[in-house]
Amino acid sequence: RWYETDSVFQARRAQAAVQLKQVEGEIAHIRAKAANDAKNNQGFKTPTSGDDAATSKLVKNSERRLALAKLEGEARARLQAQYDAADAGVTDPKRIKTLQDEYAETYRLTEARKESNKTGKKTEAQSESIANKLENLRQQSELAADSTEELSREQAILRAQQSLGNSATQEQIKKAGEYAAKAWDASAAAKGVTEALKAMPLQAENKSYAESMQNLKAALNAGKIDLKEYNAATEKMALEHQNNLAKIN
């Protein structure tokens, strides 16, 4: 049971227990029938040697099945070899031992192949998962993201590399870092453009307000307006300026 999980082992043991009970029931039924037939002389029919041989064979096969059901793994393979040798008329202990060793080795190779196939499928699934993650990172690197998610460039690279898991190769980890860096750079560039475009109307409004205030100050100094008019105008312009800033933001 070195090759399987405990849950699989317990499931097989439970299944073997059910089969064992079935075989024991069959043997008991056969023996009871044979005893009953012998007692009743099969309905006044004289038993033949053929009938006795068939019954004996059936009982022997059931007993073999019972013995095999009690074993598992290499022990079961060796017992099966012993039965096959008996059926073939092999009586030499050395030949029987050789046959048992071959059956046991066949069992080990079969189970090892199953385990290898299981491991291979797991590795293949891991490789496919890593390849899919790399492809997603590559696609992200070709798009200008809306934000950098508050991560530094180094943090973004590290997160992408760690997302591949422990089974990733050095080459895959390197590519993940390159894709993440490209995506971060694209995101940062897009964010910079957005902020620059947003700042343009803000700068224009501030410049317009400053010029208007300068013109108003010049009018006061030139005596074109008095202080009361100047104060009223500056108050109005300041309010308009605040409203314009609110619209921009």
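Per my numbering, residue 1 is the first one in the sequence shown, and the count goes up by one each step.
Heads up, the beta-carbon is just placed ideally off N, CA and C, and yes, glycines get one too.
Cβ distance (whole Å) where residue i is taken to contact residue j below 8 Å
i, j, result
"A81", "Q100", "4 Å"
"G177", "Q161", "5 Å"
"I157", "A131", "Their Cβ separation, rounded to whole angstroms, is 19 Å, which puts I157 and A131 out of contact at 8 Å."
"L220", "L227", "7 Å"
Euclidean distance between Cα positions of residue i and residue j
i, j, result
"Y103", "A14", "25 Å"
"L58", "A168", "58 Å"
"V90", "R78", "15 Å"
"T46", "G73", "Residue placement at T46 is flagged as unreliable, the pLDDT there being 48, under the threshold of 50; a coordinate-derived value is accordingly withheld."
"Y107", "E26", "28 Å"
"R76", "E171", "47 Å"
"D87", "R64", "12 Å"
"I173", "E205", "49 Å"
"L245", "K191", "21 Å"
"D185", "M237", "42 Å"
"A112", "A11", "20 Å"
"D92", "A67", "22 Å"
"A233", "M200", "26 Å"
"S62", "I96", "22 Å"
"A222", "E235", "20 Å"
"A28", "A54", "16 Å"
"A218", "K247", "29 Å"
"Q214", "N136", "56 Å"
"K21", "L71", "14 Å"
"Y83", "V18", "23 Å"
"S187", "Y179", "12 Å"
"Y230", "R159", "59 Å"
"G165", "K60", "56 Å"
"A85", "D52", "23 Å"
"S129", "K94", "52 Å"
"L143", "A183", "Residue placement at L143 is flagged as unreliable, the pLDDT there being 49, under the threshold of 50; the coordinate-derived value follows with that caveat. Their Cα atoms are separated by approximately 7 Å."
"E105", "K114", "14 Å"
"S163", "T98", "53 Å"
Buried versus exposed call for residue i [16 or more other C-beta atoms within 10 Å across all chains shown]
i, result
"S116", "exposed"
"L134", "buried"
"L109", "exposed"
"S56", "exposed"
"K175", "buried"
"L202", "exposed"
"S152", "exposed"
"A189", "exposed"
"A32", "exposed"
"D146", "Below a pLDDT of 50, predicted positions are generally treated as unreliable, and D146, at 46, falls in that range; the measurement from the model is reported next regardless. The residue is exposed, with fewer than 16 neighbouring Cβ atoms inside 10 Å."
Local conformation of residue i per DSSP, three classes
i, result
"S167", "coil"
"K70", "coil"
"S152", "coil"
"P47", "Because the pLDDT of P47 is 49, which lies under 50, any placement of that residue in the model is unreliable, and the question is left without a value."
"G269", "As displayed, the chain neither begins before 1 nor continues past 249, which places residue 269 out of reach and without an answer."
"G223", "coil"
"A144", "Because the pLDDT of A144 is 45, which lies under 50, any placement of that residue in the model is unreliable, and the number read from its coordinates should be weighed accordingly. It is coil, neither helix nor strand."
Residue i at chain C interface by Cβ criterion, 8 Å
i, result
"K174", "Absent here is chain C; the protein component of the structure consists of one chain."
TODO: Taking 8 Å as the threshold, find out whether the stretch 198-212 comes into contact with the stretch 236-244 through three or more Cβ pairs.
DONE: yes
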